[in-house]
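For reference, the structure is listed below as structure tokens.
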Amino acid sequence: MSHAPRSGAAIFFDVLTDLGVEYLFGHTGGAVIPLHVELNRRMRRRDPAPKFILCRQEGGAGHAAEGYARTSGRVGVAIATSGPGATNLATPIADAYKDSIPTLFITGQVPSAAIGTDAFQEVDTVGFTRPISKHNYLVKDVRDLEWVLREAYALATRGRPGPVVVDICKDVQLAEASGQNPPRIRHREPIAFDPVKADAILAALAAAERPVVKAGGGIIHANAASALRAFAERFAVPVATTFNALGALPFELSHNLGMPGMHGTIPANYALRDADLILSLGGRFDDRVAVKGFAAGKRIAHVDIDPSEIDKTIATDLHLVAELGAFFEHALSTGQAADHRDWLTQIAQWREQMPKPYGHSEYIKPQAVVEIISELTAGDATLVTGVGQHQMWSAQYYRFRRPRQWVSSGGLGTMGFGLPAAIGAWFADPIHPLVLIDGDGSFQMNIQELGTLVANRIPLKIFVLNNSFLGMVRQWEDMMDEGHHYETCLARDASCDPDCMDLDQTCRRQIPNLTGLKYVYPRLKTQRIKHSKDLREGVAQALAEPGPVLVDVWVDKAENVIPMVRPGHRLDQMIES
3 MSHAPRSGAA IFFDVLTDLG VEYLFGHTGG AVIPLHVELN RRMRRRDPAP KFILCRQEGG
63 AGHAAEGYAR TSGRVGVAIA TSGPGATNLA TPIADAYKDS IPTLFITGQV PSAAIGTDAF
123 QEVDTVGFTR PISKHNYLVK DVRDLEWVLR EAYALATRGR PGPVVVDICK DVQLAEASGQ
183 NPPRIRHREP IAFDPVKADA ILAALAAAER PVVKAGGGII HANAASALRA FAERFAVPVA
243 TTFNALGALP FELSHNLGMP GMHGTIPANY ALRDADLILS LGGRFDDRVA VKGFAAGKRI
303 AHVDIDPSEI DKTIATDLHL VAELGAFFEH ALSTGQAADH RDWLTQIAQW REQMPKPYGH
363 SEYIKPQAVV EIISELTAGD ATLVTGVGQH QMWSAQYYRF RRPRQWVSSG GLGTMGFGLP
423 AAIGAWFADP IHPLVLIDGD GSFQMNIQEL GTLVANRIPL KIFVLNNSFL GMVRQWEDMM
483 DEGHHYETCL ARDASCDPDC MDLDQTCRRQ IPNLTGLKYV YPRLKTQRIK HSKDLREGVA
543 QALAEPGPVL VDVWVDKAEN VIPMVRPGHR LDQMIES
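Position in the sequence shown (from 1) plus 2 gives the number in the working numbering.
Quick look at the structure:
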């Protein structure tokens with residue numbers, strides 16, 4: 003790095019370029035104008051600099067950065083102005099925090115002298131992001147900018163990944179500096195790998211009669227999918243891949259139980275129900291998986307890089323704080339193995355219901371849509387979803403084959419995540435087919451990002467499973483709340499009976515008419531599939547298009563996501579039909 007005086011904006015781009023940042027997903031505004039001016043100058047000089055992807059709203063930019071990070075494994079970077087720009091990033095920051103996604107969120111801030119004066123578009127970004135980020139900074143001195151950016155980038159990936167926020171005052175971006183302040187001295191004693199604890203876990207695994215591995219999203223973050231497969235085969239143990247670990251094992255692998263939990267597969271939930279040992283690798287015990295009575299009568303072992311997760315919600319009998327790579331390396335180098343052939347025979351019988359068979363009717367079944375997409379993409383697409391019923395059907399019926407192909411909001415469950423996340427995923431991986439399966443409710447929450455999609459000519463194939471409902475809420479209301487779903491019907495308008503609680507398959511009032519979006523967004527093709535007989539041909543036609551396509555699929559309005567373990571119930575109370 004040169005010692006000639008540089009502006010804060012120049013330092014910003016020098017550092018990001020040096021760190022290898024390829025893309026910035028963002029939106030502009032007053033408090034970040036100096037950064038955009040500097041970027042424009044570098045573009046005109048043909049100097050190296052990250053490419054800026056202009057999203058239509060800051061929240062979309064944040065989710066795009068998440069999609070990039072989830073797909074590539076690299077740090078996704080989003081940038082926004084102060085005030086509402088920063089607050090619009092709150093949901094993506096929280097989403098990345100819940101799912102441990104390595105992201106860097108850059109926000110502009112009012113000049114340092116104006117902080118605390120209630121200046122225009124001033125908000126305490128550090129204050130409101132503190133509980134939803136891994137770490138955050140307020141930069142008020144240009145000489146602190148370089149070390150803060152480098153440390154923030156490293157923190158996003160170090161240990162358990164997560165979002166880091168850097169709030170930069172506007173005067174810092176304009177000020178010049180010929181040197182920098184030294185970085186703060188930080189010391190955190192690393193936790194040494196404990197082979198004794200590791201061996202105790204392996205011994206317990208070998209001695210168990212019905213062991214199950216619960217593999218979490220840490221497997222994906224650690225790039226440990228191949229090691230997980232070798233471990234499962236060496237110790238003859240079935241593996242339930244949690245929501246954030248889908249793709250860690252190929253669908254057809256006999257050890258793969260699929261996703262466990264509230265809407266988990268039958269083999270995963272049966273195996274966890276009957277297990278005598280559950281070994282959690284790189285995942286927390288969240289309430290959607292560790293349901294009522296989850297640990298009763300079982301030994302629990304836990305390997306995680308984050309010591310705060312140990313014994314947080316489920317007490318362990320054995321645990322190890324370690325990187326998964328180190329644990330797998332130790333386990334596979336010891337020469338130890340196990341034989342659970344009787345247990346695996348039982349697992350094979352349960353796997354016959356993976357995925358669960360579903361009925362047929364005159365209406366399109368959403369499960370069939372996902373299965374046909376899976377078949378026609380050979381299970382190799384980068385699959386992105388929003389949040390809702392369509393998300394669970396995608397998790398259940400798409401036959402995943404590789405890590406980092408599943409991009410979806412888990413812990414926070416953010417509706418509107420899908421479209422902007424798919425945009426970020428494409429910049430991370432433009433090689434594999436890119437498919438977004440969304441719901442008509444979730445899709446509308448960030449529909450403005452169709453502008454970003456067509457502007458960048460991204461060949462995304464969008465399948466909206468349209469049931470004219472906020473389907474997951476409707477399902478809960480019908481199953482547990484006497485069918486009071488007035489506020490969940492998306493076909494309702496001012497002419498409707500206020501007492502209407504009917505689930506009328508023929509009521510298909512379209513608000514909006516999704517096929518009309520082709521007239522609003524140039525180069526976007528749209529089509530509608532209303533009948534089962536047209537489904538395969540319609541899906542194939544969309545997938546064959548070279549550019550972006552939106553397919554409005556009218557699915558059975560009454561279809562529920564099954565299996566289901568209702569809140570407050572046990573695995574042995576799972577609803578299967």
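The beta carbon of each residue, even a glycine, is placed where N, CA and C say it ideally should be.
* Three-state class that DSSP yields for Ser-9 in the structure shown -> Start at 1 with the first residue of the sequence shown, and residue 9 comes out as number 7. The three-state reading of DSSP puts Ser-9 in strand, counting E and B together.
* Rounded to whole angstroms, what's the CA-CA distance from Ala-202 to Phe-107? Just pull it up for me. => Here residue 202 refers to the residue found at position 200 of the sequence shown. Here residue 107 refers to the residue found at position 105 of the sequence shown. Rounded to whole angstroms, Ala-202 to Phe-107 spans 41 Å at the Cα level.
* For the beta strand (DSSP E) holding Thr-105, just list the boundary residues, first then last. => Residue mapping note: residue 105 aligns to position 103 of the sequence shown, counting from 1. Looking at the DSSP string, the run of the beta strand (DSSP E) that includes Thr-105 is 105–111.
* Three-state secondary structure assigned by DSSP to Ile-464 -> Residue 464 sits at position 462 when you count from the first residue of the sequence shown. Secondary structure of Ile-464 (DSSP, three-state): strand.
* Asked: Among Ala-177, Ile-366, Tyr-99, Ala-208, which residue has its Cα nearest to the Cα of Ala-339?
  -> Taking the sequence shown and counting its residues from 1, the one referred to as residue 339 is at position 337. That would be Ala-208, whose Cα lies nearest to the Cα of Ala-339.
* Asked: What residue from Val-372, Ala-277, Phe-14, Ile-221 has the CA that sits closest to Leu-438's CA?
  -> Position 436 of the sequence shown holds residue 438. Closest by C-alpha distance to Leu-438, out of Val-372, Ala-277, Phe-14, Ile-221, is Val-372.
* **Cβ-Cβ distance between Gln-398 and Thr-267 below 8 Å** => Along the sequence shown, read from residue 1 onward, the residue named residue 398 stands at position 396. Along the sequence shown, read from residue 1 onward, the residue named residue 267 stands at position 265. Thr-267 is positioned such that its CB atom lies closer than 8 Å to that of Gln-398.
* Using the C-alpha atoms, what's the distance from Thr-93 back to Lys-172? -> Your numbering for residue 172 matches position 170 in the sequence shown. Your numbering for residue 93 matches position 91 in the sequence shown. Using only the alpha carbons, I get a separation of about 24 Å.
* Asked: Quick one: what does DSSP say Ser-579 is sitting in, helix, strand or coil?
  -> Position 577 of the sequence shown, counted from the start, is the residue given in the question as residue 579. In the structure shown, Ser-579 sits in coil (DSSP, three-state: anything other than H, G, I, E or B).
* Asked: Are Lys-358 and Ile-564 touching if we call contact CB-CB under 8 Å?
  -> Looking up residue 358 in the sequence shown gives position 356. Looking up residue 564 in the sequence shown gives position 562. Yes, the pair counts as a contact, with Cβ atoms nearer than the cut-off.
* Nearest to Gln-182 (by Cα), restricted to the options Val-17, Gly-87, Ala-206, Thr-83 -> The sequence position of residue 182 within the sequence shown is 180, counting from 1. Comparing Cα-Cα distances from Gln-182 to each of Val-17, Gly-87, Ala-206, Thr-83, the minimum goes to Val-17.
* Asked: Rounded to a whole number of angstroms, what is the C-alpha to C-alpha distance between Arg-621 and Thr-517?
  -> An answer regarding residue 621 cannot be provided, because it is not within the stretch 3 to 579 covered by the chain.
* Where Ser-180 falls: helix, strand or coil (DSSP) -> In the sequence shown, the residue the question calls residue 180 occupies position 178. For Ser-180, the three-state secondary structure derived from DSSP is coil.
* Where does Ser-4 fall in DSSP's three states? -> As a first step, residue 4 is located in the sequence shown; it is residue number 2 there, counting from the start. Here Ser-4 scores only 48 on pLDDT, less than 50, and its place in the model should not be relied on; the value that follows carries that caveat. Correct three-state label for Ser-4: coil.
* Given that a residue counts as buried once 16 or more other Cβ atoms are within 10 Å of its Cβ, and exposed if not, what is Ser-4? -> Here residue 4 is taken as the residue at index 2 of the sequence shown, counted from 1. Caution applies to Ser-4, whose pLDDT of 48 falls short of 50 and renders its modelled position unreliable; the value that the coordinates give is listed next. Result: exposed.
* Please classify His-332: is it buried, with 16 or more other beta-carbons within 10 angstroms of its beta-carbon, or exposed? => Mapped onto the sequence shown, residue 332 falls at position 330. By the 10 Å Cβ count, His-332 comes out buried.
* Helix, strand or coil: how does DSSP classify Ser-497 here? -> Position 495 of the sequence shown holds residue 497. Collapsing the DSSP output to three states places Ser-497 in coil.
* Could you say if the region 280–297 and the region 559–577 meet the contact criterion of at least three C-beta pairs nearer than 8 Å? => With the cut-off at 8 Å, the region 280–297 and the region 559–577 touch.
* Determine the direct distance from the alpha carbon of Ile-280 to that of Gln-391, and round the result to whole angstroms. => Sequence index remark: in the sequence shown, residue 391 carries index 389 (1-based). Sequence index remark: in the sequence shown, residue 280 carries index 278 (1-based). When rounded, the distance between both Cα atoms is 28 Å.
* Asked: With distances taken from CA atoms, which of Arg-510, Ile-187, Arg-72 is nearest Lys-532?
  -> Numbered from its first residue, the sequence shown carries residue 532 at position 530. Taking only the C-alpha atoms, the option nearest Lys-532 is Arg-510.
* Asked: So what does DSSP say about Val-293, is it helix, strand or coil?
  -> Locating residue 293 in the sequence shown gives position 291, where the first residue counts as 1. Coil, per DSSP.
* Asked: What did DSSP end up calling Met-566 once you bin it into helix, strand or coil?
  -> Along the sequence shown, read from residue 1 onward, the residue named residue 566 stands at position 564. Looking at Met-566 - three-state DSSP - the assignment turns out to be strand.
* So, Gly-78 versus Glu-68, is the Cβ gap smaller than 8 Å? -> Locating residue 78 in the sequence shown gives position 76, where the first residue counts as 1. Locating residue 68 in the sequence shown gives position 66, where the first residue counts as 1. Yes, Cβ-Cβ distance for Gly-78 and Glu-68 is below 8 Å.
* State buried or exposed for Gly-22, treating a residue as buried only when at least 16 other CB atoms are found within 10 Å of its CB. => Within the sequence shown, numbered from 1, the residue matching residue 22 stands at position 20. The residue is exposed, with fewer than 16 neighbouring Cβ atoms inside 10 Å.
* To do: Report the option in Leu-334, Asp-288, Asp-143, Gly-337 whose CA atom is closest to the CA atom of Gly-586.
  => The shown model of the chain, from 3 to 579, leaves out residue 586, and the question about it has no answer.
* Asked: So is Gly-31 buried or exposed if we call it buried at 16+ other beta carbons inside 10 Å?
  -> On the sequence shown, position 29 is the one that residue 31 refers to. Flag for Gly-31 reads buried.
* **Cβ-Cβ separation, Arg-145 to Asn-138 (assumed contact under 8 Å), whole Å** => In the sequence shown, residue 138 corresponds to position 136, counting from 1. In the sequence shown, residue 145 corresponds to position 143, counting from 1. Not quite, the Cβ-Cβ distance comes to about 19 Å (not below 8 Å), so this is no contact.
* Asked: Which of helix, strand or coil does DSSP assign to Lys-367?
  -> Numbered from its first residue, the sequence shown carries residue 367 at position 365. It is coil, neither helix nor strand.
* With Asn-258 as the anchor, note down where its beta strand (DSSP E) starts and where it stops. => Numbered from 1 along the sequence shown, position 256 holds the residue referred to as residue 258. That run of the beta strand (DSSP E) goes 258–260.
* To do: Between the Cα of Asp-442 and those of Ala-270, Ile-513, Arg-494, Glu-451, spot the shortest distance and give me the residue it belongs to.
  => Position 440 of the sequence shown, counting from 1, holds the residue named residue 442. Taking only the C-alpha atoms, the option nearest Asp-442 is Ile-513.
* Beta-carbon proximity list for Glu-153, same chain, < 7 Å, skipping 5 on both sides -> In the sequence shown, the residue the question calls residue 153 occupies position 151. Excluding positions up to five away in sequence, the list reads Pro-185.
* Asked: For Gly-249, which residues of its own chain have a beta-carbon under 8 Å away from its beta-carbon, when the five flanking residues on both sides are left out?
  -> Translated into positions along the sequence shown, residue 249 becomes position 247. Closer than 8 Å at the Cβ level, and outside the excluded window around Gly-249, lie Ile-222, Ala-227, Thr-243, Phe-402, Arg-403, Arg-404, Pro-405, Arg-406, Gln-407, Trp-408.
* **Close Cβ partners of Phe-429 (< 6 Å) along its chain, the five nearest in sequence each way excluded** => Looking up residue 429 in the sequence shown gives position 427. Listed in chain order, the non-local C-beta contacts of Phe-429 below 6 Å within the same chain comprise Tyr-25, Tyr-70, local neighbours out to five positions each way being set aside.
* Asked: Under a Cβ-count criterion, where at least 16 other Cβ atoms within 10 Å of its own Cβ denotes burial, should Asn-585 be classed as buried or exposed?
  -> Coverage of the chain is limited to positions 3 through 579, which leaves residue 585 absent and any answer about it impossible.
* To do: Indicate whether the contact test is met: 3 or more Cβ pairs, each with one atom in the region 477–491 and one in the region 451–461, closer than 8 Å.
  => With a cut-off of 8 Å on Cβ pairs, the region 477–491 is not in contact with the region 451–461, counting fewer than three such pairs.
* Kindly list the residues whose CB is nearer than 7 Å to the CB of Ala-1, restricted to its own chain and excluding five residues on each side of it in sequence; keep chain order. => It is not possible to answer for residue 1, since the shown part of the chain is limited to 3 through 579.
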